[in-house]
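Q: Chains as they are written, first to last, in this note's numbering: chain S, 241 to 877; chain E, 49 to 320.
The beta carbon of each residue, even a glycine, is placed where N, CA and C say it ideally should be.
Note that the structure is predicted; figures quoted are calculated from it, not measured.
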Amino acid sequence: MAKHFQRKGRRFLGVNLQGWIRGFFGGNAALSIVILFLICAFLVKEAAMFFPQHHRGLELYRKTGQEYVGHLIKEVDEYTILVSATNQAYYQELDAGYGAQRGVVDSSGGIMDALEDEGDDLIGELEDALDDFEDEPDDPEIAAAYKKAQENWKAFARETIAGLDRKEVDSFGRLEGHDGQWEALKEAMVDWDPVEGDPTPFVAKAKAEMAAGMSEFDAARIELGSAGNTLKDLKNKLVAEASQIKKEAVEDMSAAARKAAILEGSKKLATEEERIAAVAEAEKIVIRESFPFAEKTAAFGESFEAHESAANELKEKLVAAVAKLPSDFKSQAAAELIVGVKERTPDFIEKLDESVEEASQWKWDAPLGFWGSTMKFFFGRDWVTNSSWHDFYGLLPLITGSLLISLIALAVAIPFSIGAAIYVNRLASRYEQTFIKPAIEMIQAIPSVVLGFFGIMVLGEGLRELSQIGALSWVPGFPMQERLNIINAGLLLALMAVPTIFTLCEDALNNVPRSYSEASLALGASKLQTVTKVVVPTAISGILAAVLLGLGRIIGETMVVLLVAGNKIAIPDFGEGLGVIAQPAHTMTGIIAQEMGEVSAGTLHFRALFLVGLVLFTISLMINVAAQRIIKRLGHA
Amino acid sequence: MNDSSSTLDSADAPEVASNEPIISIDNLSFSYDLGSTNTLRDISLEIPAGKVTAFIGPSGCGKSTLLRCLNRMNDLVDTAKVTGGSISILGQDINAPDVEAIELRKHVGMVFQKYNPFPKSIYENVAYGLRVQGIKNKSVLDQAVEESLQKSALWDEVKDRLDSSALGLSGGQQQRLCIARAIAVKPQIVLMDEPCSALDPIATARIEELIAELQEDFTIVIVTHNMQQATRVSNRTAFFYLGELIEYDDTSKIFGNPTRKQTEDYVSGRFG
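#1: Since Y176(E) contacts F160(E) with CB under 8 Å, what's their CB separation in whole angstroms?
#2: Would you kindly report the start and end of the unbroken alpha helix (DSSP H) that includes A534(S)?
#3: Do three or more CB pairs link the region 200–218 of chain E to the region 115–131 of chain E at distances below 8 Å?
#4: Please indicate yes or no: does the CB of V315(E) lie closer than 8 Å to some heavy atom of the ligand ADP?
#5: Can you find a CB in chain S that lies within less than 9 Å of the CB of L247(E)?
#6: Does any CB atom of chain E fall closer than 9 Å to the CB of T915(S)?
#7: Check for me: the alpha helix (DSSP H) holding D587(S) runs from which residue to which?
#8: Distance cutoff 9 Å, beta carbons only. Does A878(S) sit that close to anything in chain E?
#9: Is any beta-carbon of chain E found at less than 9 Å from that of S713(S)?
#10: Please tell me whether L761(S) has its Cβ less than 9 Å away from any Cβ of chain E.
#11: Which residues, in chain order, does the region 169–191 of chain E contribute to contact with chain S at a C-beta distance below 8 Å?
#12: Under DSSP, the beta strand (DSSP E) around L88(E) begins and ends at which residues?
#13: If contacts are defined as beta-carbon pairs under 8 Å, then A328(S) and L577(S) qualify, I think. What distance do you get, rounded to the angstrom?
#14: Tell me the DSSP secondary structure of P824(S) in three-state form.
#15: Quick one: complete alpha helix (DSSP H) runs, 4+ long, within the region 321–392 of chain S?
#16: For a cutoff of 9 Å on Cβ pairs, would you count M158(E) as touching chain S?
#17: Could you tell me the alpha carbon to alpha carbon distance between G364(S) and E374(S), rounded to whole angstroms?
#18: Between K477(S) and L650(S), what straight-line distance do the alpha-carbon atoms span, to the nearest angstrom?
#19: Locate the alpha helix (DSSP H) running through F617(S), then write down its first and last residues.
#20: Got a sec? Which residues, its chain only, sit under 7 Å from G806(S) by beta carbon, not counting five neighbours each side?
#21: For the putative contact between E287(S) and L818(S), defined by C-beta atoms under 8 Å, what is the C-beta separation to the nearest angstrom?
#22: Put M289(S) into one of helix, strand or coil per three-state DSSP.
#23: Is there at least one Cβ from chain S nearer than 9 Å to P243(E)'s Cβ?
#24: For the 8 Å Cβ check, are there 3 or more pairs between the region 625–636 of chain S and the region 708–723 of chain S?
#25: Who are the Cβ neighbours of K162(E) in its own chain at under 7 Å, not counting the five residues just before and after it?
#26: Please classify T307(E): does DSSP put it in a helix, a strand, or coil?
#27: Could you name each continuous alpha helix (DSSP H) segment of 4 residues or more that falls completely within the region 620–671 of chain S, going from the start of the chain to the end?
#28: Let me know the secondary structure DSSP gives G806(S) once reduced to three states.
#29: Just the chain E side, please: which residues come within less than 8 Å of S657(S) by C-beta, in chain order?
#30: Under 7 Å Cβ to Cβ from L370(S), same chain only, skipping five residues before and after it: list those, please.
#31: Taking only beta-carbon atoms, is E195(E) less than 9 Å away from chain S?
#32: Pick out the complete alpha helix (DSSP H) segments inside the region 746–804 of chain S, 4 residues or longer, and give them in chain order.
#33: Give a yes or no on whether 9 Å exceeds the smallest Cβ distance from S54(E) to chain S.
#34: Across which residues does DSSP place R284(E) in a beta bridge pair?
#35: For S245(E), name the three-state secondary structure that DSSP assigns.
#36: Would you mind reading off the limits of the beta strand (DSSP E) that contains S218(E)?
Okay, here's the thing in structure tokens:
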């Protein structure tokens with residue numbers, strides 16, 4: 241009987257070619273799933289270990305008294321802000337009221353430097369001649385020589401001064417518009433006596449005018465600047481003490497480990513003598529059961545009163561000094577600064593009282609909840625690393641920066657990309673379609689580091705120059721202090737999000753059946769009405785999903801924000817309203833990229849970065865899931 | 049019958065004397081590729097007001113193209129062009145430079161081959177045409193929606209669920225909704241492009257009944273593949289073949305005693 245229906249083809253290990261191909265592709269899929277799982281597991285493991293370590297760190301912070309001293313540090317910092325604002329106002333006012341005098345004084349210094357540099361020899365001759373003359377004032381030859389030396393100097397001085405570059409001498413341009421003063425100064429400086437080195441009467445007069453006019457303000461600002469001296473001294477003293485306690489405590493806690501390490505290392509040493517020495521050294525390390533925190537930090541409990549009296553002293557002196565600050569200003573900037581200082585003073589005093597009260601609650605052995613230390617990560621307002629004092633890991637500044645930049649990017653990208661998608665899909669002619677679409681999609685091909693470069697050199701510079709234009713000063717955030725800031729990063733990220741949102745949006749619009757727009761047009765609707773009333777509402781789920789995926793792209797972007805956002809780890813000051821966009825910020829992605837290379841594995845800092853990564857991953861995942869949900873739910877409506 | 053008190057009468061519509069043709073097509077040639085080849089050639093016919101006129105012919109004969117010329121839907125094709133002749137509707141040359149296609153379409157409604165209600169509520173579908181004309185008054189819209197749905201024999205079926213999605217209706221209901229949508233803006237002419245080709249026989253019968261009723265208020269031009277349908281619903285029939293008008297006469301004449309041999313071959317089922 242003939243055989244039929246047999247298997248054909250070669251087989252290897254009992255599997256035919258199709259089976260092998262199937263296995264290959266299936267294996268690839270399985271591998272990617274396994275790798276994804278490993279990444280997640282690794283991320284979660286490293287990040288989870290952050291919390292106990294962070295908790296121990298905070299416990300130590302409390303036990304060593306650093307937490308108590310931290311209150312004083314914050315108080316002094318806040319006070320310093322007031323002082324520096326006042327000083328800034330003082331110099332603004334000085335410039336506005338006595339700019340010419342200040343210019344004369346500054347420039348006279350510049351001229352003196354130039355004369356001393358170039359006329360070194362002549363000054364020497366002059367000094368010698370003067371010495372001789374003083375020794376024998378009656379010798380006519382010597383008197384003549386001295387006179388000659390003086391004349392030589394004057395001739396030199398006149399020539400040198402005439403050849404000076406005005407911009408170099410008056411580097412701040414304070415004498416601009418005061419040509420008369422400049423000429424007078426040049427004339428006066430010819431008579432300057434390089435041997436004595438005293439300022440000429442002309443310069444001395446300018447100085448006196450300045451001092452007389454600003455004396456009231458100057459006195460007030462100096463009084464304000466010294467109001468906190470007692471508190472500052474107390475702070476410095478306590479900081480030193482707490483640092484010492486921390487150092488001892490850390491050494492103490494690592495004693496056992498160090499001893500073990502030395503003993504372990506001694507086994508590998510070459511000679512017996514070295515080994516004995518190492519063991520002896522190890523024996524010297526004392527391992528204590530527990531570190532005597534109570535005893536060491538007793539002094540802090542006693543300093544509560546000193547703290548309170550220092551704070552009271554600061555309050556009294558500050559209020560007195562603020563009352564003495566002038567209220568009429570020639571400079572608008574100074575007026576604004578001083579108004580700010582006056583407004584902030586009551587707030588500062590209130591905060592100071594709270595802080596003193598809170599500080600007095602400190603106890604070295606007060607229990608620290610695990611929940612509390614966890615919240616200190618998620619809602620902590622400081623991210624301070626590699627500090628000799630204490631490292632803080634607070635997510636808030638980073639997440640605020642990331643969200644703010646992303647929101648700006650979305651706000652800019654949405655109208656552009658959706659508008660472009662509608663135009664290309666519904667309104668553009670076929671010819672326009674052939675180049676608009678590839679052009680927008682081409683943006684995706686720009687490497688983000690190149691965009692960052694563009695952001696620094698072109699956009700940042702351009703924005704800042706634009707912001708200097710007086711007519712635009714009503715725009716929030718203008719004039720910009722920083723070139724690298726939130727709005728700059730936001731605009732670049734918007735550019736990166738546009739191709740993503742545009743392409744997906746265009747797909748969504750493409751999926752709207754042609755018959756819908758035909759029906760609408762046949763009812764006498766214009767093209768625009770058709771788009772807004774039929775096409776966009778029908779495609780809205782796809783458009784929303786496109787926006788969400790664009791957001792996912794933005795929030796995970798690293799290089800651009802690292803280069804352009806300014807990388808200042810602080811919560812932006814929302815007190816400025818919309819002007820907040822002109823401030824620099826740091827982001828979750830940026831901090832990981834910036835710091836991951838410098839930390840050693842297993843440290844708290846290392847794990848903190850992993851945790852930030854995990855938070856980022858969670859946010860991205862949620863955005864993607866939300867996008868999928870929207871597509872599924874609305875897509876079938 | 050022409051009930052001038054009906055809200056379905058357009059206030060600004062030009063009046064037409066009862067015997068004059070509402071549409072006159074004069075030597076029309078039309079091309080989809082800027083004149084290289086003419087899809088329609090030298091077509092002349094006059095469509096009377098208040099009647100149902102059927103366009104029949106084999107696939108590709110140009111009957112749908114001609115229909116789409118009547119409300120300038122062909123404008124959507126970039127390369128479409130009228131290469132000769134003219135179309136006058138209510139005495140106005142509709143391809144004149146000062147004629148706006150959007151305005152024309154408010155007077156010449158259209159129902160498509162595949163029912164295509166918007167993914168909106170039943171109410172919003174019918175009110176759409178009025179809304180794009182800027183009518184916001186709720187009571188005016190309510191009245192127009194009810195009247196249109198009643199005229200399209202859908203009111204009783206949907207009056208309790210006007211706010212539910214139109215896509216939940218059956219195919220026949222959706223097509224009647226499309227008719228309601230088209231007549232809500234009170235056009236004088238309703239163009240129907242094979243309105244029953246996607247429907248089952250029962251739904252088809254209802255649409256045909258509807259056409260007979262609508263004839264009282266509107267001039268209807270219907271393209272159909274189905275010759276029985278043409279005999280059932282139309283007063284006049286035009287037979288097209290390869291872009292030319294072969295014969296145009298009363299429906300009974302075309303199907304009973306056609307003048308041309310080609311017409312006879314087609315209506316008797318010898319080709320097509």
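A: Straight from the coordinates:
#1: Contact doesn't hold; Cβ gap of about 14 Å is too wide.
#2: 533–536
#3: no
#4: With respect to the ligand ADP, the structure offers nothing, as it holds no ligand at all.
#5: no
#6: Absent from the structure is residue 915(S), since the part of chain S shown begins at 241 and ends at 877.
#7: 572–600
#8: Outside the shown range of chain S, which is 241 to 877, sits residue 878(S), and nothing can be said about it.
#9: no
#10: Yes, L761(S) lies at the interface with chain E (some Cβ there is under 9 Å from its Cβ).
#11: Y176, G177, R179, V180, Q181
#12: 86–96
#13: At residue 328(S) the sequence reads Gln, which differs from the Ala that was named. Taking a contact as a CB-CB distance under 8 Å, the pair Q328(S) and L577(S) counts as one, their CB atoms being some 6 Å apart.
#14: The answer is coil: DSSP assigns P824(S) none of H, G, I, E or B.
#15: 360–375
#16: Yes, M158(E) lies at the interface with chain S (some Cβ there is under 9 Å from its Cβ).
#17: 15 Å
#18: 50 Å
#19: 610–618
#20: Counting only Cβ-Cβ distances below 7 Å, and skipping sequence neighbours, we find E722, L724, N725, P824, A825.
#21: Residue identity check: residue 287(S) is Ala in the sequence provided, not Glu. With 8 Å as the limit, A287(S) and L818(S) do not qualify as a contact, their Cβ atoms being about 35 Å apart.
#22: coil
#23: False, the Cβ-Cβ gap to chain S never drops below 9 Å.
#24: no
#25: Leaving aside the five residues that flank K162(E) on each side, the residues in its chain whose CB is nearer than 7 Å to its CB run, in chain order, A246.
#26: Note: T307(E) maps to coil in three-state DSSP.
#27: Counting whole runs of 4 or more residues, the region 620–671 of chain S contains the alpha helix (DSSP H) stretches 636–662.
#28: strand
#29: Result: empty, since nearest Cβ-Cβ is about 23 Å, beyond 8 Å.
#30: Correct list, in chain order: Y386, V435.
#31: no
#32: Entirely contained in the region 746–804 of chain S, the alpha helix (DSSP H) runs reaching 4 residues are, in chain order, 754–762, 767–770, 776–795, 799–804.
#33: Bear in mind that the predicted position of S54(E) carries a pLDDT of just 37, short of 50, making it too unreliable to give a figure here.
#34: T101(E), D298(E)
#35: coil
#36: No beta strand (DSSP E) holds S218(E); DSSP gives it neither H nor E.
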